[in-house]
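A.B. asks:
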Amino acid sequence: MNRIVRPLYEGLKDYKEIEEYSEGSYFINKNFKPFILNDLNFRDIRGVDSKDVVDFVLNARINGFNQIQTRESIKNTLIQREEEEDFIIGERNGKIVAQACIQTYTPKINQIGGVYTVQDERNKGYCKAIVSEICRRIVERGKLPTLSVVKNNLPAVKAYTSLGFKNYDDYLLVRYKQSVI
172 MNRIVRPLYE
182 GLKDYKEIEE
192 YSEGSYFINK
202 NFKPFILNDL
212 NFRDIRGVDS
222 KDVVDFVLNA
232 RINGFNQIQT
242 RESIKNTLIQ
252 REEEEDFIIG
262 ERNGKIVAQA
272 CIQTYTPKIN
282 QIGGVYTVQD
292 ERNKGYCKAI
302 VSEICRRIVE
312 RGKLPTLSVV
322 KNNLPAVKAY
332 TSLGFKNYDD
342 YLLVRYKQSV
352 I
């Protein structure tokens with residue numbers, strides 16, 4: 172994908188104002204290596220609309236992904252998830268510390284997304300453990316776990332590769348500011 176998009180970007184960058192630019196990698200996991208944290212409990216939150224869960228997911232969207240959403244849209248997202256679209260949170264001592272979900276799926280793959288750990292709980296293995304749990308569920312279904320990661324998110328890249336993920340392809344996302352005529 173990068174080989175197609177990069178030449179377009181190079182040709183346009185001097186003529187268009189860039190709103191957003193990021194380089195990422197698409198990873199696949201054909202050799203899953205589980206990781207378990209004994210003090211982290213998982214809870215599937217599909218269909219759950221409790222205040223603490225909705226607030227956590229909303230906070231993750233805002234602080235982790237720069238997405239503006241409403242509490243109502245988060246509730247709807249959780250309620251409308253399909254059976255195969257796991258959305259789990261990780262809790263430690265009753266506190267929600269991390270989340271991950273299956274973003275999309277095909278007959279052969281489940282793509283993981285929405286991976287987030289609260290700022291003050293990072294570097295404790297929660298991201299790695301919650302992605303491992305999602306991978307376990309995917310592999311149990313006989314499917315291939317995949318995910319996308321921003322290249323400069325080195326802690327995430329390190330966690331994912333330790334679980335068996337390997338780079339499949341690189342990509343470039345460029346959003347240009349719209350011209351006002």
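Okay, so the sequence shown: first residue is 172 according to our numbering, each after it adds one.
Even glycine gets a Cβ: it sits at the ideal position worked out from N, Cα and C.
1) Write down every uninterrupted run of the alpha helix (DSSP H) in the stretch 181-241 whose length is 4 residues or greater and which is fully enclosed by it, in chain order.
2) DSSP state of Lys266, grouped into three classes?
3) Smallest Cα separation from Glu191: which of Tyr180, Gly335, Phe213 and Lys201?
4) Within 10 angstroms of the Cβ of Thr277, are there 16 or more other Cβ atoms? Answer buried if so, exposed if not.
5) When you compare the stretch 188-207 with the stretch 224-235, are there three or more beta-carbon pairs, one atom per stretch, that lie closer than 8 Å?
6) By the DSSP assignment, the alpha helix (DSSP H) with Val328 in it spans what residues?
7) Nearest by alpha-carbon distance to Arg217: which of Ile175, Glu188, Asp185 and Gln270 is it?
8) Can you name the residues that DSSP bridges to Asn294?
9) Is DSSP giving Arg346 helix, strand or coil here?
10) Whose C-beta lies closer than 6 Å to the C-beta of Ala327 among residues of the same chain, with five residues either side of it excluded?
11) Based on DSSP bridge pairs, tell me the residues matched to Ala271.
12) From Arg336 to Val345, what does the alpha carbon distance come to, in whole angstroms?
13) Which of the three DSSP states is assigned to Thr248 in this structure?
14) Is the separation between the beta-carbon of Lys187 and that of Tyr347 shorter than 8 Å?
15) If you reduce the DSSP assignment to three classes, tell me which class Lys279 lands in.
16) For Tyr287, is the classification buried or exposed, using 16 other Cβ atoms within 10 angstroms of its Cβ as the cut-off for buried?
17) Which value, in whole angstroms, describes the spacing of the CA atoms of Ile259 and Cys272?
18) Which word fits Arg243, buried or exposed, when buried means at least 16 other C-beta atoms lie within 10 angstroms of its C-beta?
C.D. replies: This is what the structure holds:
1) 222-230
2) strand
3) Tyr180
4) exposed
5) no
6) Leu325 to Ser333
7) Gln270
8) In DSSP, Asn294 forms no bridge with anything.
9) strand
10) Val320
11) Ile259
12) Per the sequence shown, the amino acid found at residue 336 is Phe instead of Arg. Distance between the alpha carbons of Phe336 and Val345: 25 Å.
13) helix
14) yes
15) coil
16) buried
17) 6 Å
18) Per the sequence presented here, residue 243 reads as Glu, with Arg not at that position. Classification of Glu243: exposed, given that the 10 Å Cβ count is below 16.
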